[in-house]
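Residue numbers (our numbering): 13 to 625. Virtual Cβ for every residue (Gly too), placed ideally from N, Cα, C. Quantities reported herein were computed from a predicted structural model and do not represent experimental measurements.
Below, the structure is given as structure tokens:
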């Protein structure tokens with residue numbers, strides 16, 4: 013009698029769960045982050061130009077005027093900058109200049125008073141075409157280069173009967189910085205040629221950054237437990253033919269790419285709705301964190317042998333023929349690896365994603381594709397050279413022990429997710445979610461002990477569904493936040509952190525005090541590593557004290573529009589982010605992977621002494 017395929021022919025129903033979590037990611041990015049929840053029809057378009065001479069080279073110290081030309085669709089109007097009533101949403105432009113530039117000063121036209129059917133009194137509005145002017149100054153130390161400036165306009169469009177939800181229009185303008193050359197024969201043609209070449213070169217560089225950043229994500233602690241799980245599958249595949257290795261590797265890479273495409277589309281949708289976008293901000297939503305905690309718990313129980321559902325015989329046979337675990341399992345590994353990677357940041361990744369999220373939809377999709385290709389590169393290489401699988405240890409009894417050990421590593425990931433939740437919801441609600449997770453494990457164990465038959469099987473299934481429903485409903489209803497935004501872990505800090513206040517930081521820097529800003533979050537693993545190994549050390553604490561550094565912590569665990577705007581103003585859309593305000597000098601931006609030497613070197617340059625540490 014032919015023996016039924018064992019573990020390789022079994023399919024853990026994680027693909028559906030992870031697909032739902034990815035859909036939830038899109039929902040939290042696009043709906044949870046926007047005020048309106050939906051993308052309003054665009055009734056206004058904008059165009060920006062450097063005026064009055066668009067093709068002029070602007071030397072350091074020169075004044076620059078950016079003209080924002082707005083055209084409102086016929087039959088519609090937008091509220092003026094100063095609407096008649098406070099409840100009306102004003103039209104507001106924003107010019108995103110590089111971090112070393114001073115903020116642009118905006119000048120709006122006067123509104124026109126018009127009468128509409130839905131209002132008893134005339135309202136101050138704009139319609140047709142109008143111009144908003146933004147004025148700034150090129151910094152004295154600005155390098156000679158083409159500076160890409162994003163311009164956005166937030167408005168609410170209305171006709172004579174009703175108003176639409178707020179919308180945001182965006183465009184970009186290229187500003188040429190450099191000393192004018194009197195011998196330049198045709199500055200207009202040269203400038204436009206430089207624009208095209210610079211843009212192409214810039215995009216190519218950021219695509220490369222995305223590729224490298226995605227590759228380095230594989231080495232991040234967030235992803236290592238998932239890669240360990242994949243190692244089990246690869247070892248199993250080593251006993252199969254080359255086709256099994258190729259198909260499995262491509263399926264895993266496909267799961268990674270599909271995940272990044274889903275994230276890119278969610279970011280595009282959220283951006284079009286005027287929402288805050290950024291790398292890993294879905295972890296600001298308790299619903300997403302709770303859903304991922306349940307998925308991780310299910311994976312743990314699967315690794316411990318309590319959760320396996322056999323496929324129908326035909327599909328099981330196809331899975332076995334396709335090479336070991338089957339395509340669903342390989343594809344799921346790619347999905348799960350991407351989900352666990354999103355709270356981590358790697359070198360080059362923040363630069364690439366930050367650039368992408370300030371660009372058009374096509375660029376966002378291209379950069380996220382590059383990151384996905386980089387993260388999936390090891391699997392593409394394995395598919396190209398399947399013989400390399402022979403370098404892995406041969407299958408044996410050790411695999412079962414390794415499998416169980418990996419379950420405990422994933423359990424630690426679940427503990428970390430609960431730690432993130434502790435910063436987002438009340439202790440009481442968190443306790444009930446933890447009970448729901450324990451109930452999930454209990455009912456799956458009951459189903460496992462029942463042998464998949466009889467009354468207790470249905471008790472296990474019903475209890476499992478109920479536990480998940482309870483946990484998700486608790487997370488969805490969580491609107492309260494724990495008191496305080498910093499030091500919620502109760503650990504004594506070596507550095508006396510204060511809550512971030514941008515105006516206060518700039519005021520202190522103007523008065524001669526350096527200010528170090530740490531933008532962090534409970535869900536940012538890289539942030540925690542930098543904090544424990546670099547910032548919260550005696551060496552850095554002593555340096556901060558000696559140089560009189562004021563340390564400010566911006567907690568982005570939960571949504572905070574002021575912090576989001578601060579990041580965007582410096583061309584960043586993800587964390588960690590570190591900045592040092594320096595008296596009399598431009599702020600210094602540090603990399604994602606912080607080092608003690610990097611901080612000390614900048615402090616020595618900033619301070620009045622030459623002390624060494």
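{"Asked": "Paired residues, beta bridge with residue 136 - DSSP", "Found": "125"}
{"Asked": "Within 8 Å, strictly: CB atoms of residue 527 and residue 566", "Found": "no"}
{"Asked": "Under the three-state DSSP convention, the category residue 555 falls into", "Found": "helix"}
{"Asked": "Alpha-carbon spacing of residue 105 relative to residue 522, whole angstroms", "Found": "27 Å"}
{"Asked": "Cβ distance (whole Å) where residue 111 is taken to contact residue 599 below 8 Å", "Found": "6 Å"}
{"Asked": "In DSSP terms, what residue 119 is bridged to", "Found": "145"}
{"Asked": "Which residues DSSP lists as bridging residue 416, in chain order", "Found": "DSSP, once it has assigned bridges, lists no residue as partnering residue 416."}
{"Asked": "Residues bridged to residue 61 (per DSSP)", "Found": "79"}
{"Asked": "Burial state of residue 417, where buried means 16 or more other Cβ atoms lie within 10 Å", "Found": "exposed"}
{"Asked": "Cβ neighbour criterion (16 or more within 10 Å) applied to residue 491", "Found": "Reliability of the predicted coordinates at residue 491 is poor, the pLDDT of 49 falling under 50, and the value obtained from them is presented with this limitation in mind. Residue 491 comes out exposed."}
{"Asked": "Whole-angstrom C-beta distance between residue 479 and residue 512, which should lie under 8 Å", "Found": "Between residue 479 and residue 512 the Cβ distance is about 38 Å, and since that is not below 8 Å, they are no contact."}
{"Asked": "Where residue 89 falls: helix, strand or coil (DSSP)", "Found": "strand"}
{"Asked": "Three or more C-beta pairs below 8 Å linking the stretch 109–123 and the stretch 170–186", "Found": "no"}
{"Asked": "Three-way DSSP call (helix, strand, coil) for residue 467 in this model", "Found": "helix"}
{"Asked": "Beta-carbon proximity list for residue 364, same chain, < 8 Å, skipping 5 on both sides", "Found": "218, 219, 221, 222, 225, 379, 382, 383"}
{"Asked": "Rounded straight-line distance, which links the Cα of residue 128 to that of residue 169", "Found": "13 Å"}
{"Asked": "Residues that DSSP places opposite residue 165 in a beta bridge", "Found": "105, 181"}
{"Asked": "Residues of its chain near residue 60, where Cβ-Cβ distance is below 8 Å and the 5 sequence neighbours each way are ignored", "Found": "78, 79, 80, 81, 161, 163, 183, 184, 185"}
{"Asked": "Supposed close pair residue 375, residue 606 - CB separation, criterion 8 Å", "Found": "About 28 Å separates the two Cβ atoms, so there is no contact after all."}
{"Asked": "Residue span of the beta strand (DSSP E) that contains residue 528, given as start and end", "Found": "527–532"}
{"Asked": "Backbone CA spacing between residue 529 and residue 545 [nearest angstrom]", "Found": "17 Å"}
{"Asked": "Short Cβ contact (8 Å threshold) for residue 602 with residue 585", "Found": "no"}
{"Asked": "As assigned by DSSP and simplified to three states, the class of residue 391", "Found": "helix"}
{"Asked": "Proximal residues to residue 560 (C-beta, below 8 Å), its chain only, five neighbours per side dropped", "Found": "525, 526"}
{"Asked": "Cβ-Cβ distance between residue 433 and residue 302 below 8 Å", "Found": "yes"}
{"Asked": "Cα-Cα separation, residue 396 to residue 139", "Found": "59 Å"}
{"Asked": "According to DSSP, residues forming a beta bridge with residue 592", "Found": "528, 600"}
{"Asked": "Assigned secondary structure, residue 70 (DSSP; H/G/I helix, E/B strand, else coil)", "Found": "strand"}
{"Asked": "As assigned by DSSP and simplified to three states, the class of residue 312", "Found": "helix"}
{"Asked": "Given residue 350 as reference, the closest of 265, 428, 299 once Cα atoms are compared", "Found": "265"}
{"Asked": "Integer-rounded CB distance, given that residue 313 should sit under 8 Å from residue 453", "Found": "6 Å"}
{"Asked": "Beta-carbon proximity of residue 103 to residue 145, cut-off 8 Å", "Found": "no"}
{"Asked": "7 Å CB neighbourhood of residue 462 in its chain, flanking five on each side removed", "Found": "468, 469, 472"}
{"Asked": "Distance CB(residue 608)-CB(residue 552) smaller than 8 Å", "Found": "yes"}
{"Asked": "Whole-Å CB distance - residue 563 paired with residue 611, under 8 Å assumed", "Found": "Between residue 611 and residue 563 the Cβ distance is about 11 Å, and since that is not below 8 Å, they are no contact."}
{"Asked": "Separation of residue 457 from residue 368, as counted between CA atoms", "Found": "45 Å"}
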